[in-house]
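Encoded as structure tokens, the structure appears first; notes follow it.
There are 2 protein chains.
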Amino acid sequence: MDTNPVIAVDAMGGDNAVKLVLQGVADALQEDHELRILLIGNKEVVEPFAAKHQRVKPLVSHSVIEMDEAPAEAIRQKKDSSIVMGAYALKNHEADGFFSAGSTGAVLAATTIYTGRIKGVKRPAITFMLPGKRPITMLDLGANADYKPEHLVQFAHMGTAFARTVIGVENPEVGLLNIGSEETKGSMQLQEVYGLFKAQVKNFKGNAEGSDLFANTFDVIVTDGQTGNITLKTIEGTAKFLMTELKDALMASTKAKLGALLLKDSLYSLKDLLNADKYGGGYLLGVKGVVIIGHGHTSARAVKNGIVSAAKAVREGLVEQISELIAQSNDSTGTINS
Amino acid sequence: MDTNPVIAVDAMGGDNAVKLVLQGVADALQEDHELRILLIGNKEVVEPFAAKHQRVKPLVSHSVIEMDEAPAEAIRQKKDSSIVMGAYALKNHEADGFFSAGSTGAVLAATTIYTGRIKGVKRPAITFMLPGKRPITMLDLGANADYKPEHLVQFAHMGTAFARTVIGVENPEVGLLNIGSEETKGSMQLQEVYGLFKAQVKNFKGNAEGSDLFANTFDVIVTDGQTGNITLKTIEGTAKFLMTELKDALMASTKAKLGALLLKDSLYSLKDLLNADKYGGGYLLGVKGVVIIGHGHTSARAVKNGIVSAAKAVREGLVEQISELIAQSNDSTGTINS
Chain Z
1 MDTNPVIAVD AMGGDNAVKL VLQGVADALQ EDHELRILLI GNKEVVEPFA AKHQRVKPLV
61 SHSVIEMDEA PAEAIRQKKD SSIVMGAYAL KNHEADGFFS AGSTGAVLAA TTIYTGRIKG
121 VKRPAITFML PGKRPITMLD LGANADYKPE HLVQFAHMGT AFARTVIGVE NPEVGLLNIG
181 SEETKGSMQL QEVYGLFKAQ VKNFKGNAEG SDLFANTFDV IVTDGQTGNI TLKTIEGTAK
241 FLMTELKDAL MASTKAKLGA LLLKDSLYSL KDLLNADKYG GGYLLGVKGV VIIGHGHTSA
301 RAVKNGIVSA AKAVREGLVE QISELIAQSN DSTGTINS
Chain P
1001 MDTNPVIAVD AMGGDNAVKL VLQGVADALQ EDHELRILLI GNKEVVEPFA AKHQRVKPLV
1061 SHSVIEMDEA PAEAIRQKKD SSIVMGAYAL KNHEADGFFS AGSTGAVLAA TTIYTGRIKG
1121 VKRPAITFML PGKRPITMLD LGANADYKPE HLVQFAHMGT AFARTVIGVE NPEVGLLNIG
1181 SEETKGSMQL QEVYGLFKAQ VKNFKGNAEG SDLFANTFDV IVTDGQTGNI TLKTIEGTAK
1241 FLMTELKDAL MASTKAKLGA LLLKDSLYSL KDLLNADKYG GGYLLGVKGV VIIGHGHTSA
1301 RAVKNGIVSA AKAVREGLVE QISELIAQSN DSTGTINS
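Residue numbers (my numbering), protein chains in the order written: chain Z, 1 to 338; chain P, 1001 to 1338.
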């Protein structure tokens, strides 16, 4: 693996884009001295920035896919957009990774269709790390609302590859998100998935419950994109609610205000714990390149972390590891690669 | 409606049962001076207690359904258990409500089969209140892992009845838990539900997301039992994780410890906010009686609150309101009552 990864960065993505993205790129270059950037965006944005930064190559795009555009149509009509050009940069090996804080649907569609899936992968999936003493790789978080049981088996393999390379757990333990620990729990479809996992996922440790998401009991938790998306937003909503209530509690009396002052540093670290900026965004697994999709409401810190994480994943061989596990799995089950 | 409701209480339910349950019953009798209790359990438990408390009638049961027994079989084989006798007490109008902290599956099966469903109700559902300025009625939380779209329509009507009577919202706004606000979001099945809601649920306000669970945007949020169960446990897991991290943060330094001391009262109210004890448990909607299922790890406070809530729901006419809304809905859609 090349130790000087090139990460393509969508300069136009995100609600507040450009300025924040450029700041994030500058910070990433400072943190990772081997990193190279392919900066994709309007001419007047990317050329002056590249002129000032040695390891940045500009790539001029001519349109922007907006957050509310229908993804499938947008990527067909806007071939000269920053997102579609990023997907082609991966395909043509001009970049090893791609970071965009633009439309999740458009990045997903463009990289799936134009960059292409890893051989044997039926459906890409979005993954996200949950914090804790034992960080959890959770997937799928929204790439697929409808699913077939065999898709979830592939998610288990891709999640295992992710936990090995990006998180550094040699032998990740896999759980299936369900409503109880017994094999007979959940919908008929989920029970079918359980059977496939038992037969095909080497390190499957049984069903996980919602309460296992922060309990240090699994390394990888697999679910369908609809449940995963709802779960992730529930976590965010619960955390936001509790932090707001905590803030109110801290302002409730003079005594409390004084206490809050003394606790400032400790509470800051708590707030940071569930801050998505820390990880830069979600990884799209299953396409031929490292793809990170940032939050729409991104920050310079999230952009920096996303780019640095992408470079790390390239160095650790995330795509190669997924490719290997999927090939092994398809060989052993006699599945025809498609 | 009789203003002196009789609540049947399962004295044998819960991991730590008997002592906690009896304490909870005594506290409930103190709080609600009109309340009457039908206390079901072993002779040596219920008779001495009834002898000491005026408004308590004992009902002797001869077996206990354990937490890990298969519900369908257990309720057939143990007709003299506290749970089955509670279900029959509702059926025979010896009680208006039933509180048990025993096996959720067994209470669900016993009341569905022996007490019976309200006319026209296809599937009972479990509901739970989420806290906040505008409390949310969320259902189903685990009664049904597989579902048909029309079941979710009935859950919307039952949730509306619950929010009206128990929470006191005259015109509850209903949301459908999904992965985005647009009509085209989610699985094919969920899109079908959306269409039915638009046609049949009067106060339907569109899709709700995980982040809406604490955002004061809806009064009732409907989902299938599998997603609901995972969501509820995710909320509990996230809250537990954050409270543990908060505790660690408060112990991190001498300065922080001093701050924590000043904040003790304020933080206690925060911790209490997501404490399930506050509500006593989940309501089972759709059967002919008010049924509350407590947490297995119950407390005297949860038992007390569960019993008092059940009495309130009886007085407010929860069952009659569900019956009315389901009948109206079945009339207007031409559904044959079954």
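Even glycine gets a Cβ: it sits at the ideal position worked out from N, Cα and C. All of these numbers come straight from a predicted model, not from anything done at the bench.
Item                                                                                                                                            : Value
Assigned exposure category for residue 1183 of chain P - 16 Cβ within 10 Å defines buried                                                       : exposed
Exposure label - residue 1333 of chain P; buried when at least 16 CB within 10 Å                                                                : exposed
Ranges of the beta strand (DSSP E) found wholly within the stretch 1095-1141 of chain P, counting only runs of at least 3                       : 1097-1100, 1125-1130 and 1136-1139
Beta-carbon spacing of residue 1035 of chain P, residue 1058 of chain P below 8 angstroms                                                       : no
Status (buried if at least 16 other CB within 10 Å, exposed otherwise) for residue 1212 of chain P                                              : buried
Where residue 346 of chain Z falls: helix, strand or coil (DSSP)                                                                                : The question about residue 346 of chain Z has no answer, for chain Z in this structure spans 1 to 338.
Runs of beta strand (DSSP E) lying entirely within the stretch 37-104 of chain Z, each at least 3 residues, in chain order                      : 56-60 and 97-100
Opening and closing residue of the beta strand (DSSP E) in which residue 171 of chain Z lies                                                    : Run containing residue 171 of chain Z: none; DSSP gives neither H nor E here.
Run of the beta strand (DSSP E) containing residue 201 of chain Z, from where it starts to where it stops                                       : Run containing residue 201 of chain Z: none; DSSP gives neither H nor E here.
Reduced DSSP secondary structure (H/G/I, E/B, other) of residue 284 of chain Z                                                                  : strand
Three-state class that DSSP yields for residue 1148 of chain P in the structure shown                                                           : coil
Separation of residue 1315 of chain P from residue 1001 of chain P, as counted between CA atoms                                                 : Note that residue 1001 of chain P has pLDDT 46, beneath the 50 cutoff, so the model's placement of it is unreliable and no number is given.
For residue 1013 of chain P, three-class secondary structure by DSSP                                                                            : coil
Distance between residue 31 of chain Z and residue 17 of chain Z (C-alpha atoms, nearest Å)                                                     : 21 angstroms
6 angstroms CB neighbourhood of residue 1006 of chain P in its chain, flanking five on each side removed                                        : 1036, 1038, 1095 and 1096
Inter-stretch contact (C-beta, 8 angstroms, three-pair minimum) for the stretch 309-328 of chain Z and the stretch 147-157 of chain Z           : yes
Chain P contacts made by the stretch 112-127 of chain Z, where a contact means CB separation under 9 angstroms                                  : none
Proximity to residue 1190 of chain P [Cα-Cα], best of P:1150, P:1303, P:1284 and P:1244                                                         : P:1150
Local conformation of residue 206 of chain Z per DSSP, three classes                                                                            : strand
Chain-ordered chain Z contacts of residue 1235 of chain P [CB-CB under 7 angstroms]                                                             : 234 and 238
Residues of its chain near residue 186 of chain Z, where Cβ-Cβ distance is below 6 angstroms and the 5 sequence neighbours each way are ignored : 178 and 179
Beta-carbon proximity of residue 103 of chain Z to residue 124 of chain Z, cut-off 8 angstroms                                                  : no
Residue range of the beta strand (DSSP E) that includes residue 18 of chain Z                                                                   : Here residue 18 of chain Z belongs to no beta strand (DSSP E), and DSSP marks it neither H nor E.
C-beta atoms of residue 1232 of chain P and residue 1141 of chain P nearer than 8 angstroms                                                     : yes
Minimum Cβ-Cβ distance from residue 81 of chain Z to chain P less than 8 angstroms                                                              : no
Local Cβ density within 10 Å of residue 209 of chain Z, reported as buried at 16 or more and exposed below that                                 : buried
Any chain Z beta carbon closer than 8 angstroms to residue 1293 of chain P                                                                      : no
Cβ neighbours of residue 1111 of chain P in the same chain (closer than 6 angstroms, five flanking residues each side left out)                 : 1087, 1287 and 1291
Sub-8 angstroms separation of residue 1222 of chain P and residue 1172 of chain P beta-carbons                                                  : no
Pick from Z:62, Z:81, Z:135 and Z:321 that is closest to residue 114 of chain Z, judged by C-alpha positions                                    : Z:81
Supposed close pair residue 74 of chain Z, residue 1266 of chain P - CB separation, criterion 8 angstroms                                       : About 49 angstroms separates the two Cβ atoms, so there is no contact after all.
Sheet register partners of residue 221 of chain Z (DSSP bridge)                                                                                 : Z:138 and Z:175
Three or more C-beta pairs below 8 angstroms linking the stretch 239-249 of chain Z and the stretch 1232-1247 of chain P                        : yes
Beta carbon proximity, residue 1338 of chain P to chain Z, threshold 8 angstroms                                                                : Confidence in residue 1338 of chain P is poor, its pLDDT being 44 and thus under 50, which makes the residue's placement unreliable; the coordinate value appears in the next sentence. Taking Cβ atoms only, chain Z never reaches closer than 8 angstroms to residue 1338 of chain P, which makes this a no.
Under the three-state DSSP convention, the category residue 8 of chain Z falls into                                                             : strand
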